[in-house]
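Protein chains: 2
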Amino acid sequence: MTVTDERLGDLQTQIPNASIITDPDVTESYRRDWARDPDAGRPLAVVRATSTEDVQAVMRWATAHNIPVVPRGAGSGLSGGATAVDGGIVLTTELMRNIEVNPVTRMAVVQPGLINVEVKRAVAEHGLWYPPDPSSFEMCSIGGNAATNAGGLCCVKYGVTTDYILGLQVVLADGTAVRLGGPRLKDSAGLSLTKLFVGSEGTLGIITEITIRLLPEQAPASTVVGSFATVQDATNAILDITRVMRPAMLEFMDRASIGAVESGMNMGLDLNAHGMLIAQSDSPGEDRIRATEFMAKVFHDNNASDVFTTDDPKEGEAFTAARRFAIPAVERLGNLLLEDVGVPLPALPALIHGIEDIAARHKLLVAVIAHAGDGNTHPLIVHDPTNEDETARANLAFGEIMDLAISLGGTITGEHGVGRLKKGWLPNQIGEDVMELTRRIKSALDPQHILNPGAVI
Amino acid sequence: MTVTDERLGDLQTQIPNASIITDPDVTESYRRDWARDPDAGRPLAVVRATSTEDVQAVMRWATAHNIPVVPRGAGSGLSGGATAVDGGIVLTTELMRNIEVNPVTRMAVVQPGLINVEVKRAVAEHGLWYPPDPSSFEMCSIGGNAATNAGGLCCVKYGVTTDYILGLQVVLADGTAVRLGGPRLKDSAGLSLTKLFVGSEGTLGIITEITIRLLPEQAPASTVVGSFATVQDATNAILDITRVMRPAMLEFMDRASIGAVESGMNMGLDLNAHGMLIAQSDSPGEDRIRATEFMAKVFHDNNASDVFTTDDPKEGEAFTAARRFAIPAVERLGNLLLEDVGVPLPALPALIHGIEDIAARHKLLVAVIAHAGDGNTHPLIVHDPTNEDETARANLAFGEIMDLAISLGGTITGEHGVGRLKKGWLPNQIGEDVMELTRRIKSALDPQHILNPGAVI
Numbered sequence: 001m002t003v004t005d006e007r008l009g010d011l012q013t014q015i016p017n018a019s020i021i022t023d024p025d026v027t028e029s030y031r032r033d034w035a036r037d038p039d040a041g042r043p044l045a046v047v048r049a050t051s052t053e054d055v056q057a058v059m060r061w062a063t064a065h066n067i068p069v070v071p072r073g074a075g076s077g078l079s080g081g082a083t084a085v086d087g088g089i090v091l092t093t094e095l096m097r098n099i100e101v102n103p104v105t106r107m108a109v110v111q112p113g114l115i116n117v118e119v120k121r122a123v124a125e126h127g128l129w130y131p132p133d134p135s136s137f138e139m140c141s142i143g144g145n146a147a148t149n150a151g152g153l154c155c156v157k158y159g160v161t162t163d164y165i166l167g168l169q170v171v172l173a174d175g176t177a178v179r180l181g182g183p184r185l186k187d188s189a190g191l192s193l194t195k196l197f198v199g200s201e202g203t204l205g206i207i208t209e210i211t212i213r214l215l216p217e218q219a220p221a222s223t224v225v226g227s228f229a230t231v232q233d234a235t236n237a238i239l240d241i242t243r244v245m246r247p248a249m250l251e252f253m254d255r256a257s258i259g260a261v262e263s264g265m266n267m268g269l270d271l272n273a274h275g276m277l278i279a280q281s282d283s284p285g286e287d288r289i290r291a292t293e294f295m296a297k298v299f300h301d302n303n304a305s306d307v308f309t310t311d312d313p314k315e316g317e318a319f320t321a322a323r324r325f326a327i328p329a330v331e332r333l334g335n336l337l338l339e340d341v342g343v344p345l346p347a348l349p350a351l352i353h354g355i356e357d358i359a360a361r362h363k364l365l366v367a368v369i370a371h372a373g374d375g376n377t378h379p380l381i382v383h384d385p386t387n388e389d390e391t392a393r394a395n396l397a398f399g400e401i402m403d404l405a406i407s408l409g410g411t412i413t414g415e416h417g418v419g420r421l422k423k424g425w426l427p428n429q430i431g432e433d434v435m436e437l438t439r440r441i442k443s444a445l446d447p448q449h450i451l452n453p454g455a456v457i
Numbered sequence: 001m002t003v004t005d006e007r008l009g010d011l012q013t014q015i016p017n018a019s020i021i022t023d024p025d026v027t028e029s030y031r032r033d034w035a036r037d038p039d040a041g042r043p044l045a046v047v048r049a050t051s052t053e054d055v056q057a058v059m060r061w062a063t064a065h066n067i068p069v070v071p072r073g074a075g076s077g078l079s080g081g082a083t084a085v086d087g088g089i090v091l092t093t094e095l096m097r098n099i100e101v102n103p104v105t106r107m108a109v110v111q112p113g114l115i116n117v118e119v120k121r122a123v124a125e126h127g128l129w130y131p132p133d134p135s136s137f138e139m140c141s142i143g144g145n146a147a148t149n150a151g152g153l154c155c156v157k158y159g160v161t162t163d164y165i166l167g168l169q170v171v172l173a174d175g176t177a178v179r180l181g182g183p184r185l186k187d188s189a190g191l192s193l194t195k196l197f198v199g200s201e202g203t204l205g206i207i208t209e210i211t212i213r214l215l216p217e218q219a220p221a222s223t224v225v226g227s228f229a230t231v232q233d234a235t236n237a238i239l240d241i242t243r244v245m246r247p248a249m250l251e252f253m254d255r256a257s258i259g260a261v262e263s264g265m266n267m268g269l270d271l272n273a274h275g276m277l278i279a280q281s282d283s284p285g286e287d288r289i290r291a292t293e294f295m296a297k298v299f300h301d302n303n304a305s306d307v308f309t310t311d312d313p314k315e316g317e318a319f320t321a322a323r324r325f326a327i328p329a330v331e332r333l334g335n336l337l338l339e340d341v342g343v344p345l346p347a348l349p350a351l352i353h354g355i356e357d358i359a360a361r362h363k364l365l366v367a368v369i370a371h372a373g374d375g376n377t378h379p380l381i382v383h384d385p386t387n388e389d390e391t392a393r394a395n396l397a398f399g400e401i402m403d404l405a406i407s408l409g410g411t412i413t414g415e416h417g418v419g420r421l422k423k424g425w426l427p428n429q430i431g432e433d434v435m436e437l438t439r440r441i442k443s444a445l446d447p448q449h450i451l452n453p454g455a456v457i
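Listed in order, the protein sequences are those of chains F and B. Residue 174 in the working numbering sits at position 174 of the first sequence, and the numbers go up by one each step. Residue 368 in the working numbering sits at position 368 of the second sequence, and the numbers go up by one each step.
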């Protein structure tokens, strides 16, 4: 028995209910999230925690032995936030799947391993709605959503994950479990630590329980779709809408995305358009019709063609499905490097045209879909991973798109997080002083830097 | 010239545009906020900053000389967050009053000295709305709102201050100015430092600029008012409403508040009622009528009398005005110790009856108004400050009400902040482990503890 094995044996006695996996055939599948980081390390072990107490024991043990711990939810992250590190523990919360819904207070207490759609379904049984809806909502975990402050399509009206988190239980680096916030709709007592841990990507602590607030179920939505000859026309339409009303969804697809979707779905989309917008209103009652008519008029006023409106949620869902299908449709053309840069809305044309230039320069296909209403875009960089040269060009484009977003006053990540893939660009966005502030907080909370080392900072 | 004066002279040369006030007749009015802390210290000077650079110079100077700095907005705080400390600087941002509204992106960049209502008015000129509406909106500053994460009446539907802050410029203890977040609706890049500084009550840095997001102007609201024989009936009505819809306002007044308002306004309120609810819907179009009828039915179903509904915003405003008048109306009966404890909604009757018991035990009048929709209450403890015994009993009641809220799973402060008056109770609410976490962050960011010492921790 090696020293390493003795340490793991010691850990196993402290967490009898959790499995500690060292079989390389199994640990292999825990080395990477969807970012498929080529530099992923080989973990000492994967620990499948079953409780907050398990997580505490792992962190106490990791502190004692100075062993890095990478927390992992469903592994659907796109920035390499859950990439394994050599000799570390991958701590997965996938088995922690309880939920308690309180329909009277419109809240729920959720463990991190539950999938986003499972949370949505569990609360829907009580006539309630958990809004945040990442495109990956059928496979991403609520714990990962909290760790990255995940977004989605309805954020333009309903906000992002942090807006729905009232409280957290978090295990700190030394194994202490703390409760931050709680089931209180308003609470100004002490520092906003709940909000600090949301989006901290496992670098400050491991989230083991989440108290979320819920809304009454969403009203049915009407849908407006339109094709635009230029990105500027589409952007003008977006601004004309968001200036005066709050659509429940406002999504954009560029020419390449339209083409990819059309070739897979045969919906009769305009292949000559340089932008397509899909907008929804879930305004109650007759106002929904008025909102839809208004958005259709804005589309027409901004030279849209093929403007189609429907108050039938099923017909509308077909277009939402088309938009959600864009990523797999483009993925048929090759592997994807999936970006999520954001810019202030008026800079959207400059971003999209700049991306076209980058794609042309590197001889790459880059399709762009966007949560257009809040300026958050997903450039999809297509490449063949067996083609070394093309992969190198894709990686260059990945970085240049972030540089471009920063130069336009934007962000390198609107909803995926920094992880490991984007951390080289973080200082350029937030500046050295804010990096230093970040490091000071990190060191105060995790002095040994054993929590997700290499991520974010 | 004393050593002290030399130091101030040195500071003045670095901030030629700012006034440094040492005249005791003037500094006296900067020693306390509305909490009227009897233990307020005597400051070395009051500095009226005119720019971020002024604030930086003050903090560099304060760091060099190890002098405490208490940041101050409009001085309308109710927890003693801006109480002066002996030998320190009171740094007021009241002269920093610029605002730039961007109607295209529905955002504004605001300096901290602007009054909340001035922000509302400036953005309303562009057809936009800044929702957070503390009862003190006509005199509290937007900087103070950010520092305390202030709430208000519309929060039940529209959220609190932090939900509207996209970015901050903050001056740290050592004088470094950092920009956190920015004009981006979604941003997951790095730690959520913006959210950490919101509600930090000047203990981590001094806010010198705020980027806020705005909404399209609010639709006109309909109003429902009803009187209830018991607090339980009123609470049941609240829960029956919030379970299925989102009112734009849902306010409560107890018997004592109703009496005080009626004696001042002669509105014909039911003096025998033990609770009155004022609810509003700002749902668009015809749905507003439906929402109002639904709420009126819920009132009736929960045994309300005198149920009155109106779709006339001016008639509705009379009831909102009555609710806002409750604090000055009760204040006619004596000085107020103004609480803002909150509880999960089902515990509202237990809280209000517990407060009645505390009031009876200490032979005090305690009137209760509440932002009932989110469980945030304002017990108003009436006392005669010239009566030492009564003042002592009022202070005892102030603490016992916080103990009660904590025992019911609530918070000692829903929107005012901890300041100095409530800090003795903070560990009981959040626990020693979270206090330790708080101190670690505080020490990492302000190692000399010169920023608002004595507040919160």
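The beta carbon of each residue, even a glycine, is placed where N, CA and C say it ideally should be.
Under 7 Å Cβ-Cβ, which residues of chain B neighbour residue i?
i      : result
F/I430 : A189, G190
F/I412 : A189
F/S136 : Ordered by position in chain B, no residue passes the 7 Å Cβ test against F/S136, which lies about 14 Å from the chain.
F/L185 : D374, G375
F/E415 : K186, S188
Take the Cβ of residue i as the centre, count every other Cβ of all protein chains shown within 10 Å, and call the residue buried at 16 or more, exposed below.
i      : result
F/D54  : buried
B/S145 : Contrary to the premise, residue 145 of chain B reads as Asn rather than Ser in this sequence. So B/N145 ends up on the buried side.
F/L180 : buried
F/S305 : exposed
B/P379 : buried
F/G9   : exposed
B/T93  : buried
Does residue i come within less than 7 Å of chain A when only Cβ atoms are used?
i      : result
F/G181 : No chain A appears in this structure, whose protein chains are F and B.
Mapping the DSSP letters down to three states, classify residue i as helix, strand or coil.
i      : result
F/A35  : coil
B/G9   : helix
F/R246 : coil
F/N303 : coil
B/V298 : helix
B/D254 : strand
F/H274 : coil
F/F319 : helix
B/E209 : strand
F/R121 : helix
F/D374 : helix
Measure the beta-carbon distance from residue i to residue j and round it to whole angstroms, keeping in mind my assumption that it falls under 8 Å.
i      : j      : result
F/L239 : B/V104 : 6 Å
B/A279 : B/I327 : B/A279 to B/I327, Cβ: 20 Å. No contact.
B/D187 : F/G41  : With 8 Å as the limit, B/D187 and F/G41 do not qualify as a contact, their Cβ atoms being about 29 Å apart.
F/R31  : F/L95  : About 19 Å; that fails the 8 Å criterion.
F/A458 : F/I381 : The structure shown does not extend to residue 458 of chain F, since chain F spans only 1 to 457, so no value can be given for it.
What does residue i touch in chain F if you count any residue whose Cβ is under 8 Å from its own?
i      : result
B/C154 : Residues of chain F passing the Cβ test: none, with the nearest at roughly 12 Å.
B/E286 : G285, E286, D287
B/I278 : Here the premise fails: no neighbours, minimum Cβ distance about 18 Å.
Name the chain B residues whose beta carbon is nearer than 9 Å to that of residue i?
i      : result
F/P103 : R243
F/G175 : Per Cβ cutoff of 9 Å: no residues; F/G175 is ~11 Å from chain B at best.
Who are the neighbours of residue i on chain F, taking C-beta pairs under 9 Å?
i      : result
B/P216 : T242, R243, V244, M245, R246
B/T438 : G190, L191, L193
B/A40  : Ordered by position in chain F, no residue passes the 9 Å Cβ test against B/A40, which lies about 21 Å from the chain.
B/L404 : Those do not exist, as B/L404 stays about 15 Å from chain F at its closest Cβ, beyond 9 Å.
Quick one: does the C-beta of residue i sit closer than 6 Å to a heavy atom of the ligand MG?
i      : result
B/H378 : Among the components modelled here there is no ligand, and therefore nothing to report on the ligand MG.
Name the residues in the segment 232 to 245 of chain F whose C-beta lies less than 9 Å from a C-beta of chain B; which are they? Correct list: L239, T242, R243, V244, M245.
Which of the residues in the segment 325 to 352 of chain F, read from start to end, lie with their CB under 7 Å from any CB of chain B? Within the segment 325 to 352 of chain F, contact with chain B at the beta-carbon level (separation under 7 Å) is assigned to G342, P344, L345, P346.
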